[in-house]
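To start, the structure itself, in structure tokens.
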Amino acid sequence: MDAIDKAIIGELERDGRLTNVELAQRVGLTTGPCLRRVQRLEAEGVIRGYRAVIDPASVGRSFEVLIDLSLETQDAETVERFEGTLAQAEEVLELRRLFGSPDYFVRVAVADLPAYETFLSRRVMTIPRIKNVTSHFTMKTVKPGP
1 MDAIDKAIIG ELERDGRLTN VELAQRVGLT TGPCLRRVQR LEAEGVIRGY
51 RAVIDPASVG RSFEVLIDLS LETQDAETVE RFEGTLAQAE EVLELRRLFG
101 SPDYFVRVAV ADLPAYETFL SRRVMTIPRI KNVTSHFTMK TVKPGP
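With full-length UniProt numbering, letter number 69 in the sequence shown gets 69, and the count goes up by one each step, no holes.
Shown next as structure tokens:
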């Protein structure tokens with residue numbers, strides 16, 4: 001990957017809706033070579049997709065909670081059941097299995113505190129062998145994630 005590939009990636013990260021003409025102008029290429037580079041980056045899996053960034057308040061999901069979660073055991077059945085259940089939950093924006101403690105980091109978006117309480121009690125706490133759940137409520141988002 002050279003400097004032009006990195007420039008293409010940077011521009012597409014900022015605005016994934018750029019036309020090939022606009023992208024080529026920004027990175028200093030003609031349209032043909034620019035398109036071939038983008039297609040190569042897609043084929044190699046460097047560019048994994050494109051998405052719209054939605055305002056959470058507009059879709060009733062402006063209350064975001066970060067959860068540290070640990071399981072009682074790490075056997076395959078417990079882990080698979082837990083991961084499968086939470087990965088299917090639409091409220092879960094991000095689910096990461098960690099080394100060390102806690103076992104998982106979960107990022108959840110819901111409408112408000114009552115909706116979070118419902119999600120926690122009906123979706124999370126019903127999963128067998130959960131040992132500990134710590135919820136973190138954001139005071140201020142300094143730098144939002146992608």
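Ideal placement from N, C-alpha and C gives every residue a C-beta, glycine not left out.
The structure presented is a predicted model; accordingly, all values stated were derived computationally and were not measured.
Cα-Cα, which of the options is closest to residue i?
i	options	result
residue 97	70, 40, 28	70
residue 90	141, 78, 116	116
residue 146	104, 82, 16, 123	16
residue 129	74, 23, 99, 122	74
residue 106	142, 119, 112	119
Report the three-state DSSP secondary structure of residue i (helix, strand or coil).
i	result
residue 44	coil
residue 26	helix
residue 37	helix
residue 81	helix
residue 123	helix
residue 141	coil
residue 134	strand
residue 109	strand
Is the separation between the beta-carbon of residue i and that of residue j shorter than 9 Å?
i	j	result
residue 54	residue 108	no
residue 61	residue 133	no
residue 35	residue 24	yes
residue 87	residue 93	no
residue 4	residue 28	yes
residue 77	residue 131	no
Between which two residues does the alpha helix (DSSP H) carrying residue i extend?
i	result
residue 8	3 to 14
residue 119	113 to 119
residue 19	Careful: residue 19 lies outside any alpha helix (DSSP H) and carries neither H nor E.
Going by beta carbon distance, what residues of the same chain come within less than 7 Å of residue i, once the five residues before and after it are set aside?
i	result
residue 137	65
residue 11	18, 23, 26, 27
Grab me the residues of residue i's own chain with a C-beta within less than 8 Å of its C-beta, minus the 5 sequence neighbours each way, in chain order.
i	result
residue 56	62, 64, 109
residue 20	31, 34, 35, 38
Please return the same chain residues whose Cβ sits closer than 6 Å to the Cβ of residue i, not counting the five positions on each side in sequence.
i	result
residue 59	none
What is the residue span of the beta strand (DSSP E) that residue i lies within?
i	result
residue 59	Unbroken run through residue 59: none, as it is neither H nor E.
residue 92	92 to 97
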